[in-house]
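J.: Supplied in structure tokens, the structure appears directly below.
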Amino acid sequence: MKQTTVTIAIPCKNILTPSTLKELHTQLENFNAQHNKLFDEHGYKYSLPNIKGLNPVQILEEYGELMLSSNHVFELRSILDNLDKSILKQPYFSYIAALTYAEVGDILEADYFFRIVKRHTSNYTQNQRENLEFQEYKYKFHSGEYSRSELRSQLLKMEGTITNNSRKLQLEIALFQEDVHDSVLKSGIDWQLIDRFKILVKKIEEITDSNFNRNLQLLSSCEAISHYLTYLLTKELVNSRIREEVGSTSFPEISRRIILEVGDCINLCHKYITNLILKAEKKEDNILLSHSNYSFAVLHFGNFYAYFVASIQWENREELMTFFEELLRRAIASYNGFTKLHLEPLAYSAIHLSWEIHLLASKWAKLDLTPIMSVDKILEKKERFISADFKKGNGSIVLTTFDEKKEIFGESPIKEFQEFNDYQIEKMAEIFLQDNNLPQERLPRIINEIKDKTYPPDHPILPNSHPRLIFVENNFDEVTRKNVCSGSSLARERNG
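Per the working numbering, the very first residue in the sequence shown carries number 40; after that it's consecutive.
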């Protein structure tokens with residue numbers, strides 16, 4: 040019989056009495072029982088573990104590797120910490136413990152269990168041995184046993200032996216992050232690095248392994264390249280400012296390419312990060328949301344920091360205020376999220392970044408972000424980390440940059456070339472010659488033009504030996520990586 044009407048019950052009153060309370064309790068019990076039945080009977084279809092009635096040892100046996108691949112390392116650590124060491128000496132449990140403690144950064148425990156697993160290598164599959172080898176480099180590097188060059192050498196050595204596709208991609212990501220660090224320390228532009236980034240994020244997107252933590256690896260890669268983009272943008276904006284102040288109106292092709300490539304890459308990172316923010320909000324994934332908010336704030340803080348170093352102001356102040364408000368809100372949201380998740384090193388990085396954003400808004404843009412959160416409140420939150428051993432430093436890169444700029448340049452415009460000696464002038468002329476593809480016979484004329492302080496508009500001098508560029512070269516590693524990039528402790532958290 041086809042139903043043609045619908046009955047809707049509309050309560051006239053909702054009064055909590057002993058009888059209605061009992062009825063409500065019964066309804067909730069039934070709902071919970073149905074939920075558990077559904078989970079027990081169908082959860083396995085969606086790779087959802089059912090640990091009901093299992094003791095800690097059974098949980099490790101049944102779901103240890105699944106929890107590792109799903110990045111539930113802190114839950115695993117809690118289980119491991121409460122088990123007797125004699126149990127954990129068994130090969131499989133030692134394997135889980137070594138990977139877990141290395142991932143959370145517990146160097147002493149990681150070292151202890153890696154010593155045990157090396158006595159039982161014949162008990163492990165090829166994939167498990169690769170997992171151990173890949174994870175071991177982390178704790179050795181962070182414990183100081185490997186230098187950065189030794190770390191890279193070890194990673195390259197592993198590249199030819201790994202057979203698992205997911206592990207190969209993780210290794211590629213790790214090598215990329217190391218190369219980003221090296222490129223920031225070198226002068227010049229590594230176009231291949233930007234191309235590698237675009238290929239890498241595409242590979243991460245397309246990997247089919249359900250156990251591969253695609254989201255956090257995307258964030259980790261975006262955050263790594265963002266530091267290099269900040270460096271390139273800073274240097275190019277300073278170059279632009281120098282050209283402006285010496286009277287040049289031309290725009291070299293190399294500068295055009297830098298601006299286009301950097302802008303394209305920043306937009307790509309922004310797209311990935313904002314998509315992950317939306318995904319995390321929809322799924323109520325607090326871990327992903329906290330990481331995504333942090334990466335968003337780091338990316339755009341770097342952009343504004345470049346303008347700050349070059350002493351270039353943002354024309355639309357209303358737009359700038361909106362940008363800064365969003366940066367601070369996201370940095371604070373990431374701090375709150377990491378705090379709730381008990382990820383203390385990341386919580387510290389996030390509140391430190393919040394402080395830097397506040398200072399940058401004040402020192403560069405003369406904007407007051409106090410209505411969102413005052414500096415005093417931020418410093419109060421930072422204070423609880425005062426004795427933390429993971430803290431990389433307590434100074435501000437914004438204040439350091441501000442003080443050094445003032446000391447080097449004062450408030451006056453850039454001095455032309457009056458303090459340069461003949462060698463520096465010759466080097467500047469050679470750079471100009473190369474940048475503009477001019478014949479070698481033009482060199483004497485360019486040198487004379489610099490000496491005579493005659494700068495025709497069609498002669499953009501790009502002096503890498505200008506004091507302001509020397510300032511960028513000498514201070515960028517310290518200024519950009521000293522504190523904000525200590526957030527690349529994130530990379531350690533994510534590369535599981």
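Glycine residues also receive a C-beta, built at the ideal position from the N, C-alpha and C atoms.
Could you compute how far the alpha carbon of Tyr185 sits from the alpha carbon of Lys322?
T.: Taking the straight line from one Cα to the other gives about 39 Å.
J.: Buried or exposed for His397, going by 16 or more other Cβ atoms inside 10 Å?
T.: When all chains shown are included, His397 counts as buried.
J.: With 16 other CB atoms within 10 Å as the buried threshold, where does Leu208 fall?
T.: Buried, by the Cβ-count rule.
J.: Classify Thr409: buried if its beta carbon has 16 or more other beta carbons within 10 angstroms, exposed otherwise.
T.: Exposed.
J.: Give the secondary structure of Lys207 by DSSP, where H, G and I count as helix, E and B as strand, and everything else as coil.
T.: Helix, per DSSP.
J.: Look at the alpha carbon of Ile14 and the alpha carbon of Ile390, and state the distance between them as a whole number of angstroms.
T.: Residue 14 lies beyond the residue range present for the chain, which begins at 40 and ends at 535; the question has no answer from this structure.
J.: In terms of alpha-carbon separation, which member of Lys310, Asn487, Leu477 and Pro478 lies closest to Ile464?
T.: Here the closest residue by C-alpha is Asn487.
J.: Pick from Glu292, Phe251, Ile281 and Val301: whose alpha carbon is nearest that of Leu271?
T.: Closest option to Leu271, Cα to Cα, is Val301.
J.: According to DSSP, is Lys179 helix, strand or coil?
T.: Three-state DSSP puts Lys179 in a helix.
J.: Would you check if the distance between the CB atom of Leu239 and the CB atom of Ile212 is smaller than 8 Å?
T.: Closer than 8 Å, so yes.
J.: Using a Cβ distance threshold of 8 Å, determine whether the stretch 336-343 contacts the stretch 374-383, with at least three qualifying pairs required.
T.: The answer is no - the stretch 374-383 does not touch the stretch 336-343, with fewer than three Cβ pairs under 8 Å.
J.: For the pair the stretch 402-416 and the stretch 303-318, tell me if three or more CB-CB distances fall below 8 Å.
T.: They do not touch, by the three-pair rule.
J.: Below 6 Å CB to CB, which residues in the same chain sit around Ser373 once its five sequence neighbours on both sides are set aside?
T.: The answer, listed in chain order, is Ser329, Asn332, Tyr333 and Ala389.
J.: What residue does the alpha helix (DSSP H) around His339 start on, and which one ends it?
T.: Note, His339: alpha helix (DSSP H), Asn325 to Val348.
J.: Let me know the secondary structure DSSP gives Glu184 once reduced to three states.
T.: DSSP places Glu184 in coil when its eight states are reduced to three.
J.: Could you tell me the alpha carbon to alpha carbon distance between Ser192 and Asn162, rounded to whole angstroms?
T.: Approximately 27 Å, taken between the alpha carbons.
J.: Classify Pro478 as buried or exposed, calling it buried when 16 or more other Cβ atoms lie within 10 Å of its own Cβ.
T.: Its Cβ having fewer than 16 others within 10 Å, Pro478 is exposed.
J.: So Phe113 and Ala137 are supposed to be a Cβ contact under 8 Å. How far apart are they, rounded?
T.: So it is not a contact: roughly 16 Å between Cβ atoms.
J.: Considering just the uninterrupted stretch of the alpha helix (DSSP H) at Ala137, what are its terminal residues?
T.: It spans Pro130 to Val143 - the alpha helix (DSSP H) in which Ala137 sits, taken as one unbroken run.
J.: Measuring CB to CB, does Leu232 end up less than 8 Å from Tyr267?
T.: Their beta carbons are under 8 Å apart, which means Leu232 touches Tyr267 by this criterion.
J.: Near Glu517, which residues of its chain fall below 6 Å by C-beta distance, leaving aside the five closest residues on each side in sequence?
T.: For Glu517, the pLDDT reaches just 46, beneath the cut-off of 50, and the residue's location in the model is therefore unreliable, although a value from the coordinates is still provided. Counting only Cβ-Cβ distances below 6 Å, and skipping sequence neighbours, we find nothing.
J.: Given a threshold of 16 other Cβ atoms within 10 Å of its Cβ, counted over all protein chains shown, does Ala149 qualify as buried or as exposed?
T.: The residue in question, Ala149, is buried, as its Cβ has 16 or more Cβ neighbours within 10 Å.
J.: On the CB-based measure, 16 or more other CB atoms within 10 Å of its CB, does Tyr176 come out buried or exposed?
T.: Classification for Tyr176: buried.
J.: Glu262: buried (16+ other C-beta within 10 angstroms of its C-beta) or exposed?
T.: By the 10 Å Cβ count, Glu262 comes out buried.
J.: Between Ile126 and Ile98, which are expected to be in contact by the criterion C-beta below 8 Å, what is the C-beta distance as a whole number of angstroms?
T.: Not confirmed; about 12 Å, so no contact.
J.: Ile371: which of Phe335, Trp353 and Glu357 sits nearest, CA to CA?
T.: Checked all of Phe335, Trp353 and Glu357; the closest Cα to Ile371 is Phe335.
J.: How many angstroms separate the CA atom of Phe441 from the CA atom of Tyr134?
T.: Taking the straight line joining both Cα atoms gives about 49 Å.
J.: Please go through the same chain and pick out, in chain order, the residues whose beta-carbon is closer than 7 Å to the beta-carbon of Leu147, but skip the five residues on each side of it.
T.: Answer for Leu147: no residue qualifies.
J.: For the alpha helix (DSSP H) holding Met412, just list the boundary residues, first then last.
T.: Premise fails: Met412 is in no alpha helix (DSSP H) and is neither H nor E.
J.: Do Leu399 and Val348 have their C-beta atoms closer together than 8 Å?
T.: No.
J.: Quick check on the DSSP output: the alpha helix (DSSP H) that includes His309 runs from which residue to which?
T.: Looking at the DSSP string, the run of the alpha helix (DSSP H) that includes His309 is Glu292 to Lys322.
J.: Buried or exposed: where does Leu255 fall if 16 or more other Cβ atoms within 10 Å of its Cβ makes it buried?
T.: Buried, because 16 or more other Cβ atoms sit within 10 Å of the Cβ of Leu255.
J.: Taking the alpha helix (DSSP H) that Lys157 falls in, what are its first and last residues?
T.: First-last for Lys157: undefined, no H or E at that position.
J.: I believe Arg280 touches Ser350 by the beta-carbon criterion, under 8 Å. Please report the beta-carbon distance rounded to the nearest angstrom.
T.: Between Ser350 and Arg280 the Cβ distance is about 7 Å, and since that is below 8 Å, they are a contact.
J.: Determine, using beta carbons only, whether Ile155 and Lys128 come nearer to each other than 8 Å.
T.: Yes; because the gap between Cβ atoms is below 8 Å, this pair is in contact.
J.: Within the same chain, show all residues whose beta-carbon is closer than 8 Å to that of Asp248, passing over the 5 residues directly before and after it, in chain order.
T.: Excluding residues within five positions, the ones whose Cβ falls inside 8 Å are Asn204 and Ser205.
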